[in-house]
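S.K.: Quick note, the numbering used here runs 196 ahead of the 1-based positions in the sequence shown.
Just so it is clear, CB atoms sit at the ideal spot from N, CA and C, and this is done for glycine as well.
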Amino acid sequence: MAQEDVFKKLVAHCKEYGFVFQSSEIYDGLGAVYDYGQNGVELKNNIKKYWWDSMVLLHENVVGLDSAIFMHPTTWKASGHVDAFNDPLIDNKDSKKRYRADVLIEDLMAKFEGKIDKEIEKARKKFGDDFDEAQFRETNPRVKANQEKLDEVHGRFVKALNDNNLTELRQIIVDYEVACPLSGSKEWTDVRQFNLMFSTEMGSTAEGASKIYLRPETAQGIFVNFLNVQKTGRMKLPFGIAQIGKAFRNEIVARQFIFRMREFEQMEMQFFVRPGEEMKWFEYWKEMRMKWHKSMGMGDAKYRFHDHDKLAHYANAATDVEFEMPFGFKEVEGIHSRTDFDLSQHQEFSGKKMQYFDPELNKSYVPYVIETSIGVDRMFLSILAGAYTEEEVPGKDGKSESRVVLKLPPVIAPVKLAILPLVRKDGLPEKAMEIMDQFKFDFNCRYEEKDSIGKRYRRQDAIGTPFCITVDHQTMEDDSVTIRYRDSMEQERVKISELYKIMTGHISMKELLKSLI
Ligand code: GAP
Numbered sequence: 197m198a199q200e201d202v203f204k205k206l207v208a209h210c211k212e213y214g215f216v217f218q219s220s221e222i223y224d225g226l227g228a229v230y231d232y233g234q235n236g237v238e239l240k241n242n243i244k245k246y247w248w249d250s251m252v253l254l255h256e257n258v259v260g261l262d263s264a265i266f267m268h269p270t271t272w273k274a275s276g277h278v279d280a281f282n283d284p285l286i287d288n289k290d291s292k293k294r295y296r297a298d299v300l301i302e303d304l305m306a307k308f309e310g311k312i313d314k315e316i317e318k319a320r321k322k323f324g325d326d327f328d329e330a331q332f333r334e335t336n337p338r339v340k341a342n343q344e345k346l347d348e349v350h351g352r353f354v355k356a357l358n359d360n361n362l363t364e365l366r367q368i369i370v371d372y373e374v375a376c377p378l379s380g381s382k383e384w385t386d387v388r389q390f391n392l393m394f395s396t397e398m399g400s401t402a403e404g405a406s407k408i409y410l411r412p413e414t415a416q417g418i419f420v421n422f423l424n425v426q427k428t429g430r431m432k433l434p435f436g437i438a439q440i441g442k443a444f445r446n447e448i449v450a451r452q453f454i455f456r457m458r459e460f461e462q463m464e465m466q467f468f469v470r471p472g473e474e475m476k477w478f479e480y481w482k483e484m485r486m487k488w489h490k491s492m493g494m495g496d497a498k499y500r501f502h503d504h505d506k507l508a509h510y511a512n513a514a515t516d517v518e519f520e521m522p523f524g525f526k527e528v529e530g531i532h533s534r535t536d537f538d539l540s541q542h543q544e545f546s547g548k549k550m551q552y553f554d555p556e557l558n559k560s561y562v563p564y565v566i567e568t569s570i571g572v573d574r575m576f577l578s579i580l581a582g583a584y585t586e587e588e589v590p591g592k593d594g595k596s597e598s599r600v601v602l603k604l605p606p607v608i609a610p611v612k613l614a615i616l617p618l619v620r621k622d623g624l625p626e627k628a629m630e631i632m633d634q635f636k637f638d639f640n641c642r643y644e645e646k647d648s649i650g651k652r653y654r655r656q657d658a659i660g661t662p663f664c665i666t667v668d669h670q671t672m673e674d675d676s677v678t679i680r681y682r683d684s685m686e687q688e689r690v691k692i693s694e695l696y697k698i699m700t701g702h703i704s705m706k707e708l709l710k711s712l713i
């Protein structure tokens, strides 16, 4: 199935099974704003818990924070967001559609990459084990031509970004005859900068009110609280502050479902270090974060690092963790070495010292910072994309049938345990409720008695429930139940008294966390 179709199916699945709804849907929705349904919110909370515990429980020198969304407006002047938090936008003159110029160019490069990959795949199939990819890349004329174009666009693009050259960005679009995806037209306006921050007013009257912003990242709440946390927590460098919270960006091109939203959630950690030690910690956090992603069991080949072509003015190293979404490898998390830029800026704009006294060096300095910044919603999307599986399984009368199953790691699955009485009589529902009452303190359980057992299994597969417990007439005689495993669909007869041990063996945040150290 084409990856585009997989993505469409995934989006439809999210709605059908209570994961994600369009915001204000009854009013035709609000662009790039989404609500999380009954299963979505559980999955999201589990992802957040896993991140939080991996930061705050596993590192005794990382503590949490929950800062406000509204901040003093000078914060955003100091951080550079008022002047430089811009996207280069371009309009198509015929369709009147607005695009991000950098995204159009990235899509162009992805097109060249796609053509190269296609040629390679074709040749791999043709030559089998004898296929030498490196040699093929060097000699195949079509691959070489596309690689040359890719290199040229890439070179020009990076230079244009570094020089902040908007004319050149437009010129690349014109030279490579990029067409508006909607109308096919190649008539483009100039490229202009567009600030992404949402603003509103604080204060009772329009006259006295001051303009404030909805935070575009949670990080600044951490920076301005650096000394509060350091002093009250008697923290010694190196130490980190972790925070989960909403962020807002007026994205020009809001698309790909929850990949690019106008209201989203971030999980950020700022790690304060001695100047000169930042590269060591940058490498440490790169490794830690990649391990965290890979521990989700989606397959290591689905992840890669992508070093930034253009470093932000405050950074001396930056990389993205990318996941292979149905629409290609995309950024899920950024890891940045932000130098002492943010703390120094706040020191300058506030007039308050943002320094740390290092007792070992017997001097004060502004610490350097390594940041890890992951979007909850993108993580959610990557996990769903990795888990979504359509497969043929044995059905009735020896025929095969297809099922949709979310192969989520049990620890983060929205529902861990579905408890299903085989029939709605003979005391089976009461027995099932008894089991539910026993387990509801440990796991998110769901009780279901409607429809055939096969249909109920399929419904649980579709939301990723790893274990279904079936209560039948034998249960009433010997206190045994059937566990049905989601991925293998195997069934096992066990005593109710053994259930807790079996479940905790499979569903253990502790074991997942242990795999990270
Ligand atoms: N404090 C650094 C920072 O905010 P970023 O690369 O702009 O860096 C970090 O954002 C992460 O936040 C991204 O890797 C992505 O997962 C998420 N993110 C950013 N913009 C987003 C959007 N419009 N919708 C959903 N997630 C977004």
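Output yes or no for whether 7 Å exceeds the beta carbon distance between Ile692 and Asp668.
M.R.: For Ile692 and Asp668, no; Cβs fall outside 7 Å.
S.K.: Nearer than 6 Å: is that true of the beta carbon of Asp573 relative to any heavy atom of the ligand MG?
M.R.: As presented, the structure is devoid of the ligand MG, carrying the ligand GAP as its sole ligands.
S.K.: Going by DSSP, name the residue or residues bridged to Phe327.
M.R.: Phe327 pairs with nothing; no bridge assigned.
S.K.: Excluding the five sequence neighbours on either side, which residues of its own chain have a C-beta within less than 8 Å of the C-beta of Val349, listed in chain order?
M.R.: Here the set comprises Ile301, Leu304, Met305, Phe308, Ile368, Tyr372.
S.K.: If you draw a straight line from the C-alpha of Arg534 to the C-alpha of Glu483, how long is it?
M.R.: Taking the straight line from one Cα to the other gives about 18 Å.
S.K.: Considering only their Cβ atoms, is the gap separating Ala415 from Glu464 smaller than 7 Å?
M.R.: Going by C-beta atoms, Glu464 is nearer than 7 Å to Ala415.
S.K.: Confirm, please, whether the CB-CB distance from Phe444 to Leu410 is below 7 Å.
M.R.: Yes, the pair counts as a contact, with Cβ atoms nearer than the cut-off.
S.K.: Going along the chain, which unbroken runs of the alpha helix (DSSP H) with 4 or more residues stay wholly within the segment 601-666?
M.R.: DSSP runs (the alpha helix (DSSP H)) wholly in the segment 601-666: 624-635, 649-659.
S.K.: Hey, which unbroken runs of the beta strand (DSSP E) at 3 residues or more fall wholly within the segment 670-698?
M.R.: Fully enclosed beta strand (DSSP E) runs of 3 or longer: 676-681, 687-691.
S.K.: Quick check: is any heavy atom of the ligand GAP less than 6 Å from the C-beta of Phe460?
M.R.: Phe460 Cβ: within cutoff of the ligand GAP.
S.K.: For His209, which of helix, strand or coil comes out of DSSP?
M.R.: Of the three classes helix, strand and coil, the one that applies to His209 here is helix, per DSSP.
S.K.: Hey, is Gly547 close to the ligand GAP, as in C-beta under 6 Å from one of its heavy atoms?
M.R.: Answer for Gly547: no, Cβ out of range of the ligand GAP.
S.K.: Between the segment 249-259 and the segment 432-442, can you find at least three pairs of beta-carbon atoms closer than 8 Å?
M.R.: Yes, the segment 432-442 is in contact with the segment 249-259.
S.K.: Taking the straight line between their C-alpha atoms, what separation do you get for Arg148 and Tyr232?
M.R.: Nothing about residue 148 can be read from this structure; the chain reaches only from 197 to 713.
S.K.: What are the start and end residues of the beta strand (DSSP E) that includes Leu261?
M.R.: 258-261 is the span of the beta strand (DSSP E), which, as asked, contains Leu261.
S.K.: Please classify Pro617 as buried or exposed, where buried requires at least 16 neighbouring CB atoms within 10 angstroms.
M.R.: Pro617 comes out buried.
S.K.: Measure from the alpha carbon of Pro337 to the alpha carbon of each residue in Ala319, Asn512, Leu365, then state which is nearest.
M.R.: The residue with the shortest Cα to Cα distance from Pro337 is Ala319.
S.K.: Mind checking whether Ile448 and Arg296 have CB atoms under 7 Å apart?
M.R.: Cβ distance < 7 Å, so Ile448 and Arg296 count as in contact.
S.K.: Quick test of the definition: if touching needs 3 or more C-beta pairs under 8 Å, does the segment 380-387 touch the segment 491-509?
M.R.: The answer is no - the segment 491-509 does not touch the segment 380-387, with fewer than three Cβ pairs under 8 Å.
S.K.: Buried or exposed: where does Glu200 fall if 16 or more other Cβ atoms within 10 Å of its Cβ makes it buried?
M.R.: The residue is exposed, with fewer than 16 neighbouring Cβ atoms inside 10 Å.
S.K.: So is the beta-carbon of Arg620 under 6 Å away from any non-hydrogen atom of the ligand GAP?
M.R.: False, no ligand heavy atom lies under 6 Å from that Cβ.
S.K.: Could you check how far apart the C-beta atoms of Ser569 and Gly530 are, in whole angstroms? I think they sit under 8 Å.
M.R.: Ser569 to Gly530, Cβ: 5 Å. Contact.
S.K.: Is DSSP giving Glu315 helix, strand or coil here?
M.R.: Residue state, collapsed to three classes: helix.
S.K.: Taking only three categories from DSSP, how would you classify Gln426?
M.R.: DSSP places Gln426 in helix when its eight states are reduced to three.
S.K.: Rounded to the nearest angstrom, what separates Ile408 and Val202 at their Cα positions?
M.R.: So the alpha carbons of these two residues sit roughly 41 Å apart.
S.K.: Can you give the Cα-Cα distance for Pro662 and Asp538, rounded to whole angstroms?
M.R.: The alpha-carbon atoms of Pro662 and Asp538 are separated by roughly 44 Å.
S.K.: Using only the alpha-carbon positions, how far apart do Ala609 and Met251 sit?
M.R.: Using only the alpha carbons, I get a separation of about 20 Å.
S.K.: Whose C-beta lies closer than 6 Å to the C-beta of Asp496 among residues of the same chain, with five residues either side of it excluded?
M.R.: These residues qualify, in order along the chain: Lys490.
S.K.: Counting only the same chain and skipping the five closest in sequence on each side, list residues whose C-beta sits under 7 Å from that of Lys211.
M.R.: Closer than 7 Å at the Cβ level, and outside the excluded window around Lys211, lie Phe217.
S.K.: Between which residues of its own chain and Lys487 is the CB-CB distance below 6 Å, once the five residues before and five after are set aside?
M.R.: Here the set comprises Leu712.
S.K.: Enumerate, from N- to C-terminal direction, the unbroken beta strand (DSSP E) stretches of 3 or more residues contained entirely within the segment 354-430.
M.R.: Counting whole runs of 3 or more residues, the segment 354-430 contains the beta strand (DSSP E) stretches 388-391, 395-398, 406-409.
S.K.: Measure the alpha-carbon distance for Val469 versus Lys427 and round it to whole angstroms.
M.R.: In a straight line, the C-alpha of Val469 is about 16 Å away from that of Lys427.
S.K.: Assuming Lys273 and Phe639 form a contact by the criterion Cβ under 8 Å, report the distance between their Cβ atoms to the nearest whole angstrom.
M.R.: The Cβ separation is near 48 Å, so there is no contact.
S.K.: Kindly indicate the opening and closing residues of the alpha helix (DSSP H) around Arg544.
M.R.: Checking the sequence shown, residue 544 turns out to be Glu, not Arg. Element bounds for Glu544: 537-546.
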